[in-house]
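Colleague: Can you keep this structure in mind? I'll have questions shortly.
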Amino acid sequence: MRLKQQIPASLRLAAAAVMAVGLFASGRGVSASEQNPPAPSPRQTPAAQQPSTQVPPNTLKISVDEAVKMALQNNLNIKAEQLTPQIATYGVAQARAVYAPLLFSQTTSRSSTSPPNDFLNGNETILTNDSFRTSGGLQQFTPWGGGRYNVSLDAGRLTTTSLSNRFNPQLDSNLVASYTQPLLRNFKFDNNRQNLMLSEKIQQIADIQLRQTLTQTSRQVRSSYFDLLNAVAGYQVALQSLELAQTSLKNNRRRVEVGTIAPIEIVQAEAEVAANEESVIVAEGQIRTAEDRLRTLVMNPSQPDFWTTKLEPSDEPTLTPQAVDVDGAIANALANRTDLAQLKKQVEETDINLRFYKNQKMPALDVTGNYNLVGTAGTQRVFDLNSPLYPPPILSSSQRSFSDALRDVFGNEFKTWSVVLNVSYPLGTSIADAALAQGRLQRDQQTTSIHDLETQIVFSVREAGRQVNTSLKRVESTRKARELAEQSLQAEEKRVAVGLSDTFRVLQAQRDLARQRVSELNAIIAYNKSLIDFEAVQTVPLR
-3 MRLKQQIPAS LRLAAAAVMA VGLFASGRGV SASEQNPPAP SPRQTPAAQQ PSTQVPPNTL
57 KISVDEAVKM ALQNNLNIKA EQLTPQIATY GVAQARAVYA PLLFSQTTSR SSTSPPNDFL
117 NGNETILTND SFRTSGGLQQ FTPWGGGRYN VSLDAGRLTT TSLSNRFNPQ LDSNLVASYT
177 QPLLRNFKFD NNRQNLMLSE KIQQIADIQL RQTLTQTSRQ VRSSYFDLLN AVAGYQVALQ
237 SLELAQTSLK NNRRRVEVGT IAPIEIVQAE AEVAANEESV IVAEGQIRTA EDRLRTLVMN
297 PSQPDFWTTK LEPSDEPTLT PQAVDVDGAI ANALANRTDL AQLKKQVEET DINLRFYKNQ
357 KMPALDVTGN YNLVGTAGTQ RVFDLNSPLY PPPILSSSQR SFSDALRDVF GNEFKTWSVV
417 LNVSYPLGTS IADAALAQGR LQRDQQTTSI HDLETQIVFS VREAGRQVNT SLKRVESTRK
477 ARELAEQSLQ AEEKRVAVGL SDTFRVLQAQ RDLARQRVSE LNAIIAYNKS LIDFEAVQTV
537 PLR
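As numbered in my numbering, the sequence shown has no gaps in its residue numbers, which increase by one up to the final residue, 539.
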């Protein structure tokens, strides 16, 4: 943050002093990247140790930009959210994998015996069949037109005691190919394409959510950093008030000793000291709370010194007025807000579902083409068909190898083809009708929600812009009030010195000055936080 106008020198010096001395009580400092400082050497003697003015050990002194960088590396919420886009990527791969070709195979060995039931085989012959068959092929859904194909090649061997088989043993092979093509329903859009497009939208939403988490965490870190900065500055103001009260108590005791004021004035000064000590204690507690809030955002919880490392802000509360273009910010927010982008992606998901439901209302008209080729081989027996005997005697036999069967198949010798046309259409209200009506209502609801969210975005940006301007005016007002309070305290101290005032009025002036210093610091911090919110509200929702 570049400085154009800083807070008064007294407050800057006070804040710097408390960062260096009053806030952390012991040890050596570390850089923003050194979260695990090494332990001091056991041989180190007290004389060789660092002076007490050095930054205490196990202390992390960081700027606001370093805090944001640490959060991006260590914040658990960010780490968890970074996995969501990766998960969605695998979801897209899973949906696309339905179009991958599928290799399949099957091997079967079978043996059977049956009683004689065929007069051709005689009355006493038990029929025995032993077969072995193996097949393999390829099938796939096509990414166009919603079609699918299946191609398989099988081969088998059959040995039988049947006397009527011409081949024994018999070798055969079959080539089967089929293709099914939807002509109406599922032609332009089907469930596979719907799932793929929906998974892609989920991936896009995951990217938007990650961007939203990163922006919101950055805002939280900057806001928590300024809260810690405010707590430190508030502690210094409380410490200054305590020092002023202690000085007043010391001066009153001296005046009582010389008889210029009554002893009751000491009681009033002591009461003021006690009240300011309470303020210092409360301010210290506020520092610890703000420090823990920032710690959980920027540090790694797995490191052993997570709760013991002290965080010390290196930036100072400064005032850098910036021009606010509310109209430009509104246009930017309507174009870039992550919550609006997510809602629009959900509308796109609904449009995908509506497209699918409209397609499902069409009649199912599918055409399937089948083409089969067969080949046969083995020991071919030639029977004497003119013989009066049965079974007829075998005149001769010949051998056909399995390659002959394959030659029949790929030579297109014995073929069978068919074309099948399947038609179906539901009578009455179908599932697609109900789903389409529901989807249209859902889209109307989402469109209304978009208009409502756009209105809320405009309101939040205008409100954030007003907060920037209001906070800047507060800084100007509180600065004038603090200057007047300083002048009032100086005047009362001079009046007491010449006997024209009393301790009560001086203490009251001190309280007023402390209150105005705190108000000025709060206004400066509020202005910086309002700038953070004004920038963030153009990208993410603040809550």
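We put the beta carbon where it would ideally sit given N, CA and C, even for glycine. On a predicted model such as this, the values are computed, not experimentally measured, just so you know.
#1: Assuming V217 contacts A67 (C-beta within less than 8 Å), just tell me the rounded distance between them.
#2: Closer than 8 Å by C-beta to D347: which residues in its own chain qualify, once you throw out the five before and the five after it? Chain order, please.
#3: Check R539 in the structure and name its three-state DSSP category.
#4: Does V419 pass the burial test, meaning 16 or more other C-beta atoms within 10 Å, or should it be called exposed?
#5: Which two residues bound the contiguous beta strand (DSSP E) that contains L293?
#6: For the region 287 to 344, which segments carrying the beta strand (DSSP E) assignment without a break, of at least 3 residues, lie completely within its bounds, in sequence order?
#7: Using three-state DSSP, classify S393 as helix, strand or coil.
#8: Would you give the residue range spanned by the beta strand (DSSP E) that N418 belongs to?
#9: Using a Cβ-Cβ cut-off of 6 Å (strictly less than) and excluding sequence neighbours within five positions of Q1, which residues of its own chain qualify?
#10: Quick check on this structure: which residue in Y175, S220, I74, E488 has the alpha carbon closest to the alpha carbon of Q208?
#11: Output the boundary residues of the alpha helix (DSSP H) element that contains N226.
#12: DSSP three-state call for Q512: helix, strand or coil?
#13: Does DSSP put I348 in a helix, in a strand, or in coil?
#14: Which residue's Cα is closest to the Cα of N188: K340, R92, S310?
#15: Under three-state DSSP, which class holds V464?
#16: Over what stretch of residues does the beta strand (DSSP E) that includes I58 continue unbroken?
#17: Are F410 and L369 closer than 8 Å when you measure CB to CB?
#18: D61: which of E312, L480, R539 sits nearest, CA to CA?
#19: Going by DSSP, name the residue or residues bridged to A91.
#20: Suppose you measure from the CA of D498 to the CA of A271; what does that come to, to the nearest Å?
#21: How big is the Cα-Cα spacing for E266 and K469?
#22: Spell out a yes or no on whether the region 171 to 180 and the region 135 to 149 are touching, meaning 3 or more CB-CB pairs, one atom from each, closer than 8 Å.
#23: Taking the C-alpha atoms as reference points, what is the distance between T124 and A373?
#24: Give the C-beta separation of N518 and D301 to the nearest angstrom, bearing in mind that I take them to be a contact with Cβ-Cβ under 8 Å.
#25: Within the chosen definition, does the region 345 to 359 reach the region 421 to 436 through at least 3 CB pairs nearer than 8 Å?
#26: Is F542 helix, strand or coil when you go by DSSP?
#27: Is the Cβ-Cβ distance between E273 and L224 less than 8 Å?
#28: Give the range of the alpha helix (DSSP H) segment to which R403 is assigned.
#29: Threshold first: 4 residues or longer. Then list the alpha helix (DSSP H) segments lying entirely within the region 426 to 508, N to C.
#30: What residue range does the beta strand (DSSP E) around L99 cover?
#31: Ordered along the chain, which non-local residues of its own chain (more than five positions away) have a Cβ less than 8 Å from that of A43?
#32: Return the residue from the list L72, A151, F185, T155 that minimises the CA-CA distance to L171.
#33: Taking C-beta to C-beta, are F530 and A325 nearer than 8 Å?
#34: According to DSSP, simplified to helix, strand and coil, what is P4?
#35: Can you grab the Cα-Cα spacing for the pair S220 / D323, in whole Å?
#36: With F100 and Q69 assumed to form a contact (beta carbons below 8 Å), what rounded beta-carbon distance in angstroms separates them?
Modeller: In terms of the structure at hand:
#1: Residue numbering aside, residue 217 sits at position 221 when the sequence shown is read from its first letter. Residue numbering aside, residue 67 sits at position 71 when the sequence shown is read from its first letter. A67 and V217 do touch by the CB rule: their CB atoms are close to 5 Å apart, below 8 Å.
#2: Taking the sequence shown and counting its residues from 1, the one referred to as residue 347 is at position 351. Setting aside the 5 residues that flank it on each side, D347 is surrounded in the same chain by R439, each with a C-beta closer than 8 Å to its C-beta; the list follows chain order.
#3: Within the sequence shown, residue 539 is the residue found at index 543, counting from 1. Looking at R539 - three-state DSSP - the assignment turns out to be coil, as it is neither helix nor strand.
#4: Counting from 1 along the sequence shown, the entry for residue 419 is found at position 423. Label assigned to V419: exposed.
#5: Start at 1 with the first residue of the sequence shown, and residue 293 comes out as number 297. Per DSSP, L293 belongs to no beta strand (DSSP E); it is in the alpha helix (DSSP H), 260 to 294.
#6: Taking only runs of at least 3 residues, the beta strand (DSSP E) segments lying wholly in the region 287 to 344 are 306 to 309.
#7: In the sequence shown, residue 393 corresponds to position 397, counting from 1. Three-state result, S393: strand.
#8: As a position in the sequence shown, residue 418 is number 422, starting the count at 1. Counting along the chain, N418 sits inside the beta strand (DSSP E) bounded by residues 410 to 420.
#9: Residue 1 sits at position 5 when you count from the first residue of the sequence shown. Low confidence applies here, because Q1 scores a pLDDT of 38, under 50, leaving its location unreliable; read the following figure in that light. Excluding sequence neighbours, Q1 sits near L315.
#10: Mapped onto the sequence shown, residue 208 falls at position 212. Nearest C-alpha to Q208: I74.
#11: Residue numbering aside, residue 226 sits at position 230 when the sequence shown is read from its first letter. That run of the alpha helix (DSSP H) goes 187 to 254.
#12: If you number the sequence shown from 1, residue 512 lands on position 516. In the structure shown, Q512 falls within a helical segment according to DSSP collapsed to helix, strand and coil.
#13: In the sequence shown, counting from the first residue as 1, residue 348 sits at position 352. Helix at I348.
#14: Within the sequence shown, numbered from 1, the residue matching residue 188 stands at position 192. When each option's Cα is compared against that of N188, the closest is R92.
#15: As a working note, residue 464 is residue 468 in the sequence shown. Helix.
#16: Residue numbering aside, residue 58 sits at position 62 when the sequence shown is read from its first letter. 55 to 58 is the span of the beta strand (DSSP E), which, as asked, contains I58.
#17: Locating residue 410 in the sequence shown gives position 414, where the first residue counts as 1. Locating residue 369 in the sequence shown gives position 373, where the first residue counts as 1. A contact, by the Cβ cut-off of 8 Å.
#18: In the sequence shown, the residue the question calls residue 61 occupies position 65. Looking at the Cα atoms, E312 is the closest of the given residues.
#19: Counting from one through the sequence shown, the residue named residue 91 turns up at place 95. According to DSSP, A91 bridges with nothing at all.
#20: Start at 1 with the first residue of the sequence shown, and residue 498 comes out as number 502. Start at 1 with the first residue of the sequence shown, and residue 271 comes out as number 275. The C-alpha of D498 lies about 19 Å from the C-alpha of A271.
#21: Here residue 266 refers to the residue found at position 270 of the sequence shown. Here residue 469 refers to the residue found at position 473 of the sequence shown. Rounded to whole angstroms, E266 to K469 spans 37 Å at the Cα level.
#22: The region 171 to 180 makes contact with the region 135 to 149; the number of CB pairs closer than 8 Å reaches 3 or more.
#23: The residue labelled residue 124 in the question sits at position 128 within the sequence shown. The residue labelled residue 373 in the question sits at position 377 within the sequence shown. Distance from the CA of T124 to the CA of A373, rounded to the nearest whole angstrom, comes to 20 Å.
#24: By 1-based counting over the sequence shown, the position of residue 518 is 522. By 1-based counting over the sequence shown, the position of residue 301 is 305. Between N518 and D301, the beta carbon gap of about 32 Å keeps them out of contact (Cβ cut-off 8 Å).
#25: Touching, yes, given that three or more Cβ pairs across the two stretches are closer than 8 Å.
#26: Look at the range of the chain in this structure, -3 to 539, and you will see that residue 542 is not part of it.
#27: Here residue 273 refers to the residue found at position 277 when the sequence shown is read from its first residue. Here residue 224 refers to the residue found at position 228 when the sequence shown is read from its first residue. In this structure, L224 does not lie closer than 8 Å to E273 by Cβ.
#28: The sequence position of residue 403 within the sequence shown is 407, counting from 1. Judged by DSSP secondary structure, R403 falls within the alpha helix (DSSP H) whose first and last residues are 398 to 406.
#29: List check, alpha helix (DSSP H) in window: 427 to 493.
#30: Stepping through the sequence shown from its first residue, residue 99 is reached at position 103. 98 to 110 is the span of the beta strand (DSSP E), which, as asked, contains L99.
#31: For this step, residue 43 is matched to residue 47 along the sequence shown. Interpretation of A43 is limited by its pLDDT of 32, a score under 50 that renders its predicted location unreliable; the figure taken from the coordinates is listed afterwards. Excluding sequence positions up to five before and after A43, its CB lies less than 8 Å from no other CB in the same chain.
#32: In the sequence shown, the residue the question calls residue 171 occupies position 175. Here the closest residue by C-alpha is A151.
#33: The residue labelled residue 530 in the question sits at position 534 within the sequence shown. The residue labelled residue 325 in the question sits at position 329 within the sequence shown. In this structure, A325 lies closer than 8 Å to F530 by Cβ.
#34: Position 8 of the sequence shown, counted from the start, is the residue given in the question as residue 4. Unreliable positioning characterises P4 in this predicted model, as indicated by a pLDDT of 40, which lies under 50. The coordinate reading is nonetheless provided below. Here DSSP, grouped into helix, strand and coil, assigns P4 to coil.
#35: Stepping through the sequence shown from its first residue, residue 220 is reached at position 224. Stepping through the sequence shown from its first residue, residue 323 is reached at position 327. Those two C-alpha atoms are separated by around 28 Å.
#36: Taking the first residue of the sequence shown as 1, we reach residue 100 at position 104. Taking the first residue of the sequence shown as 1, we reach residue 69 at position 73. Not quite, the Cβ-Cβ distance comes to about 48 Å (not below 8 Å), so this is no contact.
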